[in-house]
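Peer 1: Letter by letter, the sequence shown follows residues 1 to 349 in UniProt numbering. For glycine and all other residues, C-beta sits at the position ideal for the given N, C-alpha and C. Quick one: the structure is below, and I'll ask about it shortly.
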Amino acid sequence: MKKQWRLLSLVSLVALLLGGCGKAFQSTLIPQGEVAKMQYDLLLLASAIMIGVVLVVTIIFLYVIVRFRQRKGQENYIPKQVEGNHKLEIIWTVIPILLLLVLAVPTVTYTFKLADVSAIEKKNIDKDTIVVDVTANLYWWEFSYNNEKLVTSQDLVIPTGKKVYLNLKGSDIKHSFWVPSLAGKMDTNPDNTNKMWIKADKSGTYNGFCAEFCGPSHALMQFKVKAVDESEYKKWVASMKDLDGKKAVASTQEQEGKQIFEKSCIGCHATGSNDNRPPSARIAPNLANFADRDMVAGIAENNEENVKKWLKDPESMKPGNKMTGKYGNLTDDQVDALNAYLQTLKVEK
């Protein structure tokens, strides 16, 4: 019995310690934006009410079992009965109603505020309003900036302190858009478009995930939200618009890589941010600023080793992805050349 209690105590302690772990870029308990803060406040309010109710009921329960426990010589003693006491019945009916009101009023208020996307539902959207069409694919994310007329993938860049409206849609099956530190999740469906907005309070990079099981690489379907100040955001937009997929290649290896890319990869991947193709034709991530991204395939650090590993055997990094089998086996020299070319796809500083 002692061993069982020790094991239980150890597991509880480990769970408690792990529960205290968290970083701003991926924790729902460290909100970094207005939406996340509202949801966090509701969580605290609901938790406080529930804990309060449990404490009160527990105290009453302990009082009753101690105060009215059976004592020697009082086996037949019956305490005073309160059944039918109108005052008590009113009290324990009114209190739950008040608690529900305390929880319901802010919940309803926040729900309507979070669902307010009227700014992008009107006929003429203000040119300063940032609207991004988010398309979820197996197993990657595409971001199309409406007013800016540019397309990118895997990295969603937004300005701090400003609402960013999102049109969420799935290209194949149901996925779910979730950036824990900025907002709760919302599904992306193939048949309809869901809308939401997010706002980041300060600059930083936040982790995003698919929160709906969608296949063998569901847990690997990740992306980044990069929040930058507004001036830097405008510079980024201007620089991205200058990318046209015709980056200058200097070395012989880069030129060879470009030739391989245009022969084997260009049918699926675009290298210019001004992608005018319909979403249905954009069947693979846009690589316009590939060399500027933090991650390869959304999950591994963007370095030479991981790029080459992905090019050589994408299935080993992300099972079930659509790139597997799209081209023949590449030699080591071809992989080196492709990597060299991909490193030229970046925003000019």
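With respect to the beta strand (DSSP E) encompassing Ile-198, which residues constitute its N-terminal and C-terminal limits?
Peer 2: Its beta strand (DSSP E) spans residues 194-198.
Peer 1: With DSSP as the reference, label Asn-85 as helix, strand or coil.
Peer 2: coil
Peer 1: By alpha-carbon positions, which one of Trp-92, Ser-181, Thr-152 and Asp-229 ends up nearest to Thr-160?
Peer 2: Asp-229
Peer 1: What are the start and end residues of each continuous alpha helix (DSSP H) run of 4 or more residues lying completely inside the UniProt domain "Cytochrome c" (252-346), in chain order?
Peer 2: 252-264, 304-312, 314-317 and 332-342
Peer 1: Could you check what DSSP says for Leu-138 in three-state terms: helix, strand or coil?
Peer 2: coil
Peer 1: Here's the rule I'm using: 16 or more other beta-carbon atoms within 10 Å means buried, otherwise exposed. How should His-175 be labelled?
Peer 2: buried
Peer 1: For Val-225, which residues of its own chain have a beta-carbon under 6 Å away from its beta-carbon, when the five flanking residues on both sides are left out?
Peer 2: Leu-156, Val-179, Tyr-206 and Gly-208
Peer 1: Pairing CB atoms from the segment 129-141 with CB atoms from the segment 217-224, are three or more of them under 8 Å?
Peer 2: yes
Peer 1: According to DSSP, is Gln-222 helix, strand or coil?
Peer 2: strand
Peer 1: Going by other Cβ atoms of all chains shown within 10 Å of its Cβ, with 16 needed for buried, is Arg-282 buried or exposed?
Peer 2: buried
Peer 1: Roughly how many angstroms lie between the CA atoms of Trp-92 and Glu-83, to the nearest whole one?
Peer 2: 13 Å
Peer 1: Just to confirm my understanding: we take Val-131, look at its own chain, exclude 5 residues before and 5 after, and list those with CB closer than 6 Å. What are they?
Peer 2: Ile-120, Asn-146 and Tyr-165
Peer 1: Using a Cβ-Cβ cut-off of 7 Å (strictly less than) and excluding sequence neighbours within five positions of Lys-326, which residues of its own chain qualify?
Peer 2: Cys-268
Peer 1: Can we say the segment 189-200 touches the segment 230-242, given the rule of at least three CB pairs closer than 8 Å?
Peer 2: no
Peer 1: Which whole runs of the alpha helix (DSSP H) in the segment 24-104 are 4 residues long or more, in chain order?
Peer 2: 34-67
Peer 1: Look at the alpha carbon of Tyr-341 and the alpha carbon of Lys-235, and state the distance between them as a whole number of angstroms.
Peer 2: 24 Å
Peer 1: Please say whether Ser-251 and Lys-318 have beta carbons closer to each other than 7 Å?
Peer 2: no
Peer 1: Within the same chain, show all residues whose beta-carbon is closer than 7 Å to that of Asn-306, passing over the 5 residues directly before and after it, in chain order.
Peer 2: Val-296 and Ala-300
Peer 1: Buried or exposed, going by whether 16 or more other CB atoms sit within 10 Å of the CB of Pro-285?
Peer 2: Taking every protein chain shown into account, the CB of Pro-285 has 16 or more other CB atoms within 10 angstroms, so this residue is buried.
Peer 1: Find the nearest neighbour of Asp-332 within the set Lys-312, Lys-346 and Gly-170, judged by alpha-carbon distance.
Peer 2: Comparing Cα-Cα distances from Asp-332 to each of Lys-312, Lys-346 and Gly-170, the minimum goes to Lys-312.
Peer 1: Look up Leu-18 in the DSSP assignment and say whether it is helix, strand or coil.
Peer 2: Helix.
Peer 1: Which of the three DSSP states is assigned to Phe-112 in this structure?
Peer 2: helix
Peer 1: Can you give the Cα-Cα distance for Ala-211 and Phe-177, rounded to whole angstroms?
Peer 2: 6 Å
Peer 1: Rounded to a whole number of angstroms, what is the C-alpha to C-alpha distance between Asp-133 and Lys-169?
Peer 2: Those two C-alpha atoms are separated by around 8 Å.
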